[in-house]
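Its first residue numbered 33, the sequence shown is counted upward by one per residue in our numbering. Glycine is no exception: its CB is placed at the ideal position from the N, C-alpha and C atoms. Inspection log for the structure reproduced underneath, given as structure tokens.
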Amino acid sequence: MPIDPQPAADDLTAIDTLFRSPALAADATDDQGWRTAFAELIGRVDTLLTQVEARGYRVDFMRGVGVNGKIQDITSLVHWMNRHLPDVAADRPGQWPQNRLNRYANEGWGRFANGCSFANEFDGDVAFFIDDQRIYLHNQLHRAVDQARLLLAI
Numbered sequence: 033m034p035i036d037p038q039p040a041a042d043d044l045t046a047i048d049t050l051f052r053s054p055a056l057a058a059d060a061t062d063d064q065g066w067r068t069a070f071a072e073l074i075g076r077v078d079t080l081l082t083q084v085e086a087r088g089y090r091v092d093f094m095r096g097v098g099v100n101g102k103i104q105d106i107t108s109l110v111h112w113m114n115r116h117l118p119d120v121a122a123d124r125p126g127q128w129p130q131n132r133l134n135r136y137a138n139e140g141w142g143r144f145a146n147g148c149s150f151a152n153e154f155d156g157d158v159a160f161f162i163d164d165q166r167i168y169l170h171n172q173l174h175r176a177v178d179q180a181r182l183l184l185a186i
């Protein structure tokens, strides 16, 4: 069955807007809506990657995707994150240690208040975490969207 290019184009427009959103910037504060923006971004990227799969392709790079011994490609990670967002949607800033959705900007490592350790290997990038799973805004999400755009020829 052919895929309608319009939904993919609409998702790409929304994704591009979210990529430029101050809420997802490295210096965004907790009260700037980064959780809501991230949830929308992951949902739209998940939809886009599903459309790529429906055309018989897959965005499958693995650089930096595996965390804590879990080996997966970027499409699997995006699908996993989108599936688990409803589990953490009720978490709010200040609800420590229950808060399972976190972020860390720039290169570094440490431990979140919920006990999960984190590492960000890219200076200047924002890493988002659900529990111990990590995804990078620039080095992974931008790259996945760029590859999807090429595969969908949009």
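Legend entry - Contact check, residue 150 vs residue 160, beta carbons under 8 Å: No, the pair does not count as a contact, with Cβ atoms beyond the cut-off.
Inset, instruction - With a cut-off of 8 Å on the beta carbons, I'd call residue 44 and residue 74 a contact; round off their distance for me. - result: Residue 44 to residue 74, Cβ: 15 Å. No contact.
Legend entry - Contacting residues, own chain, Cβ-Cβ under 8 Å from residue 79 (five flanking each side not counted): For residue 79, where only same-chain residues beyond five positions count, the Cβ hits under 8 Å are 39, 43.
Inset, instruction - State the start and end residues of the unbroken alpha helix (DSSP H) segment that holds residue 103. - result: It is not in any alpha helix (DSSP H) - residue 103 carries neither H nor E in the DSSP assignment.
Inset, instruction - May I have the straight-line CA-CA distance separating residue 135 from residue 41, to the nearest angstrom? - result: 28 Å
Inset, instruction - Return the CA-CA distance between residue 180 and residue 115, expressed in angstroms with no decimal places. - result: 20 Å
Legend entry - Spatial distance of residue 164 from residue 98 (CA atoms): Each residue's alpha carbon lies about 10 Å from the other.
Inset, instruction - Return the residue from the list 46, 107, 66, 47 that minimises the CA-CA distance to residue 54. - result: 66
Inset, instruction - Decide if residue 96 is buried, meaning its Cβ has at least 16 other Cβ atoms within 10 Å, or exposed. - result: buried
Legend entry - Exposed unless 16 or more other CB atoms sit within 10 angstroms - verdict on residue 103: exposed
Legend entry - Per-residue DSSP class, three states only, for residue 58: coil
Inset, instruction - Would you list the one or two residues that DSSP bridges to residue 176? - result: DSSP lists no partner for residue 176.
Legend entry - Cα-Cα separation between residue 57 and residue 158, rounded to whole angstroms: 8 Å
Legend entry - Check whether residue 77 and residue 173 have beta carbons under 8 Å apart: yes
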